[in-house]
Ligand code: ADP
């Protein structure tokens, strides 16, 4: 009845464990390798690209959901054919799997997005650059994350290696002049109920999200538009579970959608400590088609800072004696991952009524793990 199977054993699966324990939901994980982030729960090890492996895993649960968006459509189709309940559904997930499909569907829904084109070769990219003020953001349609697969170019030759390796067209976008980046998180259950969390500001460093401020400062008007936009996307695409909508606030004050993620998302990690209902609990409720929880913030401000990279050979818990003593109001989250430069290995969240203090505390706490 309430057995959830998660494909992928990363930190998102790991963070679903706590609300599952609290609510008495049985959670199982199909991880790629032993010692995954989610190895705390009943974990099968196997290849998510192999239908037989995934079908065997699905036989023991009531609903299948995801830690990542990479499960191939033929495997998803095999699951559906075998009678498995898959949430989000494969057709919705297809939109998050391919940035060109995403641009097409968002355009068709009338959602504001950057000017874009599918470019099949260097000549097409060169024409796009000329038509868009001498620059383009080129993206590989599949498999990118944390800014890998995104490149700003002013000359088509700068994407020559990607064209050589590509099996289809690349995505070219205008280089959007933006004030800041925002994210709107929403959850939708199959019966249609929707809950939207406060709009947040996200800060990217070299393509990696490093900091999230909830709510986005000075964005009361934008918040209403962002919530409406995310709601119409979730409904229009038939998303079930959590949907993250990454946004640009342009220099002239418009909202443009950059990216969609159909799963809990880094921009919502603050909700574990800072909201009445976390994105991980809400995702479980939503994929089980249970009534959704209150997404309101518990405190006026929350700031989440990612712990990226970290000292070689030292895990977050090894630094706890100093960090926890210095920041007793900060909440610490370790993903039990080996530290590598540029890899997200944990995060910290501070909440309170003074944004400058909350942000200072969160940054100071994260700094204990970064060198
Ligand atoms: P990923 O899927 O790797 O996260 P994104 O498409 O979200 O890639 O892009 C990563 C970052 O690159 C964004 O957060 C933003 O800072 C920048 N970026 C992406 N597209 C554009 C664009 N069209 N104009 C300006 N900056 C962009």
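Residue numbers (the working numbering): 405 to 775.
Cβ coordinates follow ideal geometry from the N, Cα and C atoms, glycine included.
Of the candidates 651, 626, 618, 667, the residue whose Cα lies closest to the Cα of residue 679 is 618. At least 8 Å separates the beta-carbon of residue 478 from that of residue 545. Taking 3 residues as the minimum length, the beta strand (DSSP E) runs contained wholly in the region 528 to 567 are 540 to 543, 554 to 557, in order along the chain. When C-beta atoms of the region 649 to 658 are compared with those of the region 737 to 752, fewer than three pairs fall below 8 Å, so the two segments do not count as touching.
Of the residues assessed, residue 609 falls on the exposed side of the cut-off, its CB having fewer than 16 other CB atoms within 10 angstroms. Of 705, 693, 720, 735, the smallest CA-CA separation from residue 775 is found for 720. By the neighbour-count criterion, in which 16 or more other beta carbons inside 10 Å mark a residue as buried, residue 525 falls on the exposed side. Taking 8 Å as the upper bound for CB-CB distance, residue 753 and residue 766 are in contact here, some 7 Å apart. Per the Cβ contact rule, the region 479 to 499 is in contact with the region 629 to 648 (3 or more Cβ pairs under 8 Å).
The region 627 to 637 makes no contact with the region 550 to 557: fewer than 3 CB pairs, one atom from each, lie closer than 8 Å.
Between the C-alpha atoms of residue 453 and residue 476 there is a straight-line separation of about 6 Å. For the region 700 to 775, the continuous alpha helix (DSSP H) assignments of 4+ residues that do not extend past its boundaries occur at 724 to 730, 759 to 771, in sequence order. By the beta-carbon neighbour count (other beta carbons within 10 angstroms, threshold 16), residue 439 is exposed. With respect to the 8 Å criterion, residue 615 and residue 707 are classified as neighbours on the basis of their beta carbons. With a cut-off of 7 Å, the C-beta of residue 579 is classified as near the ligand ADP, since at least one heavy atom of the ligand falls inside that distance. Residue 582 is bridged by DSSP to 654. Rounded to whole angstroms, the gap between the alpha carbons of residue 631 and residue 517 is 16 Å. When secondary structure is reduced to three states using DSSP, residue 644 falls in the coil class, being assigned neither helix nor strand.
Short of 6 Å from the beta carbon of residue 457, and not among the five residues preceding or following it, lie these beta carbons of its own chain, in chain order: 450, 451.
Less than 8 Å divides the Cβ of residue 648 from the Cβ of residue 587. Only residues of its own chain outside the window of five on either side were considered, and among them 408, 467, 469, 491, 644, 645 have a CB closer than 7 Å to the CB of residue 691, listed in chain order.
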